Structure formats: structure tokens, C-alpha cells
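Asker: Shown below is the structure under consideration.
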Amino acid sequence: KARKGPVIAIACEGDEKIAKLADDVIFVPDVEEYLQPLVTAVPLQLLSYHIALHRGCNVDRPRNLAKSVTVE
1 KARKGPVIAI ACEGDEKIAK LADDVIFVPD VEEYLQPLVT AVPLQLLSYH IALHRGCNVD
61 RPRNLAKSVT VE
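So for the sequence shown, the numbering used here puts the first residue at 1; every next one is plus one.
Structure below.
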């Protein structure tokens with residue numbers, strides 16, 4: 001909020017504290033803590049995909065991909 005950017009939160013369904021603090025909330029099912037990374041992975045991937053599209057990035061051939069991935 002210091003840079004006046006929107007706050008997008010990922011929270012369990014029914015978490016009203018987070019809903020009041022964030023500008024937008026992506027709700028995920030309330031599951032056991034050890035399953036939470038699995039439940040939040042897909043919404044985070046979709047969020048990053050749509051942000052990349054909005055910014056005009058090529059999601060199929062990201063910049064500097066060759067520096068990050070080695071194919072043998």
C-alpha cells in the first residue's frame with residue numbers, strides 16, 4: 001500500500017479479516033495446513049498468467065528463459 005498498488009490476497013473461504021484489508025481476494029477452500037500449498041498453487045499460477053498477459057509479456061517464450069532452463 002505504500003506504493004499505492006492494489007493488494008490482492010489469497011485467503012481461505014470465510015476469512016473476513018483478510019477481505020477487509022485487501023483490495024481483491026481470491027478465496028480458496030479451507031483445508032488442512034499441509035494441503036494449503038496445493039490448493040493455492042493453481043490460483044497463483046492463473047494470477048501470474050493473467051498479469052503477464054495484461055503487461056504484454058509473451059507467456060509462451062519468456063525473456064531470459066534460456067538462462068534459466070537447460071535442456072539436455
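Note that beta-carbon positions come from the ideal geometry of N, C-alpha and C, so glycine has one too. None of the values given here were measured: they were computed from a predicted structure.
1) Can you check DSSP and say which residues form a bridge with CYS57?
2) GLU32: beta carbon under 8 angstroms from a heavy atom of the ligand MN?
3) Counting only the same chain and skipping the five closest in sequence on each side, list residues whose C-beta sits under 7 angstroms from that of ALA22.
4) Taking only three categories from DSSP, how would you classify ALA52?
Answerer: Answer, in terms of the structure:
1) Taking the sequence shown and counting its residues from 1, the one referred to as residue 57 is at position 57. Its beta-bridge partners do not exist; DSSP assigns none.
2) Absence of the ligand MN is noted for the structure shown, with no ligands found whatsoever.
3) Along the sequence shown, read from residue 1 onward, the residue named residue 22 stands at position 22. Excluding positions up to five away in sequence, the list reads VAL7, ILE8 and ALA9.
4) Locating residue 52 in the sequence shown gives position 52, counting from the first residue. Helix, per DSSP.
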